[in-house]
Every structure is written in structure tokens, then in C-alpha cells.
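Its first residue numbered -3, the sequence shown is counted upward by one per residue in the working numbering.
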Amino acid sequence: MDYVGIDIGSTASKVVARGSRDFHFTLPTGWNSKETALIIRDRLLEAGIDVRSEATKTIATGYGRVAVDFADYVVTEITCHARGGIEFAGKDCAIIDVGGQDTKVILVNQGMVQDFLMNDKCSAGTGKFLEIMANRLGITLQELFDMAAQGEVLPISSLCTVFAESEIISYIGEGRKREDIAAGVVDSVASKVAQMALRRELPEKIMLTGGLSGSTYFAKILSEKIGRKVQNAEYGRYAGALGASILAEEKTRRRQK
């Protein structure tokens, strides 16, 4: 049997396959989630996994999960990210997922979701904010982090992305260093994520997932804001897809019994 987890996010789509062959990949979601789902189906087939076969069970999650017509099950992001996060941080943890369109804080106790918070109304505390500001500075997201690590924080007071961008433009017009502006941008997002996370009592283990989980610098700044260590993992962005693939296997085994 093959078990496939597909996490179609607003910015990137992540796929994890487990079973007769184990592999993972990511690709841009683009403007049409249905087209992205078909590309994923074809790439899986090229790798020897036919999602239409009875020997393959697939779970879709994420922003575009309903677009995956061939999925056997559709499961919420909270459930899949929690299940994947457990693989990284254990059965008692907090999972902070900073995605392109929203940010989630998921509290897991003894392997079960105990509580969660989600910011999906404003981009100011998400990866989209960083992407917009990096574009404004004419650099990539990784370059933004690299610059921020060398700069001094310039305060960004606006809670709205549109007005925050105006502040950035003003700083650019004043001739401020890009490193300092970058540091202010990252500090602003980390502050907003930390404020949301601190609305709940956090366990000892805190795991950063999502598109920013590969950034040791962002995890460091977030740790400082929260007041305790936030772990990040190289494959943290695959937490949702990994969780989906594990749930696909668990559901299948339960049915077989």
C-alpha cells in the first residue's frame, strides 16, 4: 500500500508519499488549485504511485484541499498539522504554523488536539507579509532573513500590511539601511505570532512548522519573543502533508480491522 498526504497551501503545495516508496516534493500552488492537484497526480504517477489505484490511499488538506478530486479523504489543516507535528515534537507540544495566508497555534496534549488559535483575517502576522516586504526591498525571502540578522530593528508600528508597507517606503525614502528595515520586518511578524501564541499556556516543547520553519533566524527571534525555545526542523514545512499521509494509513488500517 501507498499512503499519500497532499497539503495544498495558498502559496506552496507539499506532498508526502509513504509505503512501497517514500519521497516528498513541493511546488508552487499557482492561481488554480485544481490544476495544481492534477500536476501532483501526474508527478506521483511518474514516480510509480497511481492515486486512482485501490493500493493507494490519499488524504488532502490545506487551503485548496477541496480541489483534490481524487483524494479518498479530506481532513482539516488543524488535524493534519497536529498529527505531523507530533512526529517532530512528541505527543505533548505546541505547533506554530506560519503559512502564506494564515498562522495557526495548535496545542497537543497526549497526542490529541486540545486547543488551537488561528489568524486568518489579516496577513500582517503571516509569511505573506514577509513576502510582500521582501519584494518591496527587491530581495528574496532568504535574503531578507540574512539581512535581518545583520541589522538593527527599525520599529514598524502599523498593524495593517498596507500601512506597514507605507512605513517601509518611508524608511527607504529616508535612506535607512536595508538590513535595519529587514530586521524590523521580521521582528514585526515574530511579535504578532508570539502575541497570539501567548494567549494560551504553552507546553515545554514548541515546534515551528510551515514555510518559515526552515529559517533558524526566524525561530530564534520567535523564541526571544515567546520567552522559551522554539524548535524548527528542516522538513517542518511538510508537517501537514506528513500528518495527512499518516492519517491515511491509520484510517486504512482501522477499516481493514
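Glycine is no exception: its CB is placed at the ideal position from the N, C-alpha and C atoms.
Exercise for the section: Take the Cβ of L41 as the centre, count every other Cβ of all protein chains shown within 10 Å, and call the residue buried at 16 or more, exposed below. Expected result: exposed
Exercise for the section: Indicate whether the contact test is met: 3 or more Cβ pairs, each with one atom in the segment 189 to 209 and one in the segment 156 to 168, closer than 8 Å. Expected result: no
Handout entry: Exposed unless 16 or more other CB atoms sit within 10 angstroms - verdict on Q130
Key = Here residue 130 turns out to be Ala, not Gln, going by the sequence shown. Buried, since its Cβ has 16 or more Cβ neighbours within 10 Å.
Handout entry: T25 classed as buried or exposed, judged by whether at least 16 other C-beta atoms fall within 10 angstroms
Key = buried
Practice task
Just the C-alpha distance for E220 and F141, rounded to the nearest angstrom, thanks.
Solution key: 16 Å
Problem - Inter-stretch contact (C-beta, 8 Å, three-pair minimum) for the segment 90 to 99 and the segment 184 to 194 - result: yes
Handout entry: Top-ranked residue by Cα proximity to K124, from R249, T7 and A244
Key = T7
Practice task
Given a cut-off of 8 Å, decide if S29 and A63 are closer than it, judged by their beta-carbon atoms.
Solution key: yes
Problem - Spatial neighbours of D176 in its chain, beta-carbon cut-off 6 Å, leaving aside the 5 residues before and after - result: G147, E148 and L150
Handout entry: Where the alpha helix (DSSP H) containing K247 begins and where it ends
Key = A235 to Q252
Handout entry: For I4: DSSP bridge partner residues
Key = S9
Exercise for the section: Please check if any C-beta of chain B sits within less than 8 Å of the C-beta of E127. Expected result: The structure shown has no chain B; it contains just one protein chain.
Handout entry: Proximal residues to F112 (C-beta, below 7 Å), its chain only, five neighbours per side dropped
Key = I74, K100, V101, I102 and L103
Handout entry: Length of the line joining the Cα atoms of F21 and E170
Key = 42 Å
Practice task
Quickly, what does DSSP pair F159 with across the bridge? List them, please.
Solution key: For F159, which the question treats as bridged, DSSP gives no partner whatsoever.
Problem - Start-to-end residues for the beta strand (DSSP E) that takes in F66 - result: Counting along the chain, F66 falls outside any beta strand (DSSP E), and DSSP gives it neither H nor E.
Handout entry: Contact check, M203 vs A85, beta carbons under 8 Å
Key = yes
Practice task
Could you pull the start and end residues of the alpha helix (DSSP H) that L23 belongs to?
Solution key: Element bounds for L23: not the alpha helix (DSSP H) but the beta strand (DSSP E), F19 to P24.
Exercise for the section: Measure from the alpha carbon of R61 to the alpha carbon of each residue in I4, R224 and A240, then state which is nearest. Expected result: I4
Problem - beta strand (DSSP E) segment containing K53, residue limits - result: T52 to T57
Exercise for the section: Determine the closest residue to A240 out of I35, D46 and V70, with distance taken between C-alpha atoms. Expected result: V70
Problem - S211, buried or exposed, once every other Cβ within 10 Å from all chains shown has been counted against 16 - result: buried
Exercise for the section: Give the single residue among L126, A145 and K188 whose Cα lies nearest to the Cα of E161. Expected result: L126
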